[in-house]
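The sequence shown maps to residues 50 to 450 in the working numbering. Worksheet: one structure, shown below.
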Amino acid sequence: MKVLVINAGSSSLKYQLYDMTDETVLAKGLVERIGMDSSILTHKPTGKEEVTEVSEILEHTTAIRKVLEKLTDKEHGVLSSVDEIQAVGHRVVHGGETFKGSALVTPEVKAEIRRLFDLAPLHNPPAIMGINAAEVNMPAVPNVVAFDTAFHQTMEEKVYLYPIPKVLYKKHRIRRYGAHGTSHQYVSRVAAEFLNRPIEELKIITCHIGNGASLTAVKGGVSVDTSMGLTPLEGLMMGTRSGDLDPTVVTFVMNKEELSISEVNSMLNKHSGLLAISGSSSDMRDITDGWEAGKPNETLAFEMYEYRLRKYIGAYAAAMNGVDVIVFTAGVGENSAIVREKTCENLSYLGVELDKELNKVRSGEPRRISTPNSKVEVLVIPTNEELMIARDTLQIVQESK
Ligand code: ADP
50 MKVLVINAGS SSLKYQLYDM TDETVLAKGL VERIGMDSSI LTHKPTGKEE
100 VTEVSEILEH TTAIRKVLEK LTDKEHGVLS SVDEIQAVGH RVVHGGETFK
150 GSALVTPEVK AEIRRLFDLA PLHNPPAIMG INAAEVNMPA VPNVVAFDTA
200 FHQTMEEKVY LYPIPKVLYK KHRIRRYGAH GTSHQYVSRV AAEFLNRPIE
250 ELKIITCHIG NGASLTAVKG GVSVDTSMGL TPLEGLMMGT RSGDLDPTVV
300 TFVMNKEELS ISEVNSMLNK HSGLLAISGS SSDMRDITDG WEAGKPNETL
350 AFEMYEYRLR KYIGAYAAAM NGVDVIVFTA GVGENSAIVR EKTCENLSYL
400 GVELDKELNK VRSGEPRRIS TPNSKVEVLV IPTNEELMIA RDTLQIVQES
450 K
């Protein structure tokens, strides 16, 4: 069975085509600048040259049509016909409290995703555009939606509620939802498989640290706490996001600097984090380079980032009354040996012992970076949200037949 996975943003659309008989990627690519005058389609068939095409793509329906043309192209294609695609899986950021797992797209499901626009105004609308575009281009093909929030729906009320007037939860559903759920679920499962231990017995802390970053406490295979909240702003210090701060900072700054709601949102989401403290970059490569060169601003940014990450690991070890496995994943987690080393250095009280040489190895495969004596297994596991979505899509479509 061939499954197309789509991740639609407001002006971009990423895709991966899987052959689910052996879970191989047949092709992947990206459409950028949708709605602008020169849109760019980058298509990479596995084992063949990447191709780039510039054209006018005004909306998502045309974007998917162009992608399907590329997938069936004589020279750059991997399919003889679009009919070979048997299902489409879509990434959706917010599933609210309704979606506790992935779901087959129906008119009711679409209506519910629309109802959740309020909670993810930037992310859920393009997801609906992606679904509609797939339906127009492939009317006979079933669509499945996978939500970034779904994995965290197992959190208890005492964990997901904020200690603010309860009427706000009743009226507006203000609570912790979390994000990166597909990634946290995927890497926690791979960790258990890698260690050859039943996930039901394990207390795992998954650190998904990329541009956006979140930690999850996974106990017995389910999410019991996660660091992102109502929106992906809470929790860790990130590339351009502040993470945790005293909520009064927001009202204080709005008052003193005469900022509007959108200005303060922009400040906290786009002009904070590593970028704000270093004054130079949101990219961890630049930050660690600056730290190694002894630059004071980059050094402070690096130390704050690592300190906040380590505090959260400690918090989740406390939340689960222990930790068996720490997993590092995503851009920073998979690639930055120095972030992993410095974070683990001060986790010796948990019995964490890092093998510094293993930590430096780069492989693109799941691997252990702790010593045999370490009381906590420390693993690096490349995340694969698209594969997780493709697996869910296959399962749901097969069950619906
Ligand atoms: P996103 O959250 O956008 O999906 P990724 O998970 O791809 O992002 O992470 C991207 C980030 O990963 C980059 O901004 C950079 O900070 C970091 N990164 C990538 N490679 C390295 C590296 N070799 N060393 C340190 N950080 C890296």
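Don't be surprised by glycine CBs; every beta carbon is placed ideally from N, CA and C.
About 5 Å separates the beta carbons of V446 and P191, which is inside the 8 Å limit, making them a contact pair. Going by DSSP, A342 is part of no beta strand (DSSP E) at all; its letter is neither H nor E. Take T432, set aside five residues on each side of it, and the residues of its chain with a beta-carbon closer than 7 Å to its own are S232, Y235, V236, H257, T378, A379, in chain order.
In the DSSP assignment, C393 is bridged to no other residue.
The C-beta distance from M287 to G261 rounds to 6 Å, short enough to meet the 8 Å contact threshold. Approximately 6 Å separates the beta-carbon atoms of Y64 and V116; this is inside 8 Å, confirming the contact.
Per DSSP, the continuous beta strand (DSSP E) segment holding K93 begins and ends at 88 to 94. Under the three-state reduction of DSSP output, T442 falls in the helix class. Under the 8 Å Cβ criterion, the region 422 to 430 counts as touching the region 400 to 411, having at least three qualifying pairs. Taking A240 as reference, the option from L90, S412, I375, L75 with the minimal CA-CA separation is I375. By the beta-carbon neighbour count (other beta carbons within 10 angstroms, threshold 16), P175 is buried.
Here D441 is buried. Its C-beta has 16 or more other C-beta atoms within 10 Å. Under the three-state reduction of DSSP, N260 is assigned to coil, being neither helix nor strand.
Here DSSP, grouped into helix, strand and coil, assigns V142 to coil. Annotated three-state conformation of I362 is helix, per DSSP. By the Cβ-count criterion, S272 is buried, with 16 or more other Cβ atoms from all chains shown falling within 10 Å of its own Cβ. Between the beta-carbon of T203 and that of H143 there is about 17 Å, and that puts the pair past the 8 Å contact cut. Around the ligand ADP, the residues selected by a Cβ distance under 5 Å to any of its heavy atoms are G259, N260, G261, D332, M333, R334, A379, G380, V381, N384, S385, following chain order. Here DSSP, grouped into helix, strand and coil, assigns E250 to helix. In this model, I387 and T275 are separated by some 24 Å (Cα to Cα). Scanning S151, K119, V401, T91 for the CA closest to the CA of H201 turns up S151. For the options L153, T91, E81, the alpha carbon positioned closest to that of A439 is the one of L153.
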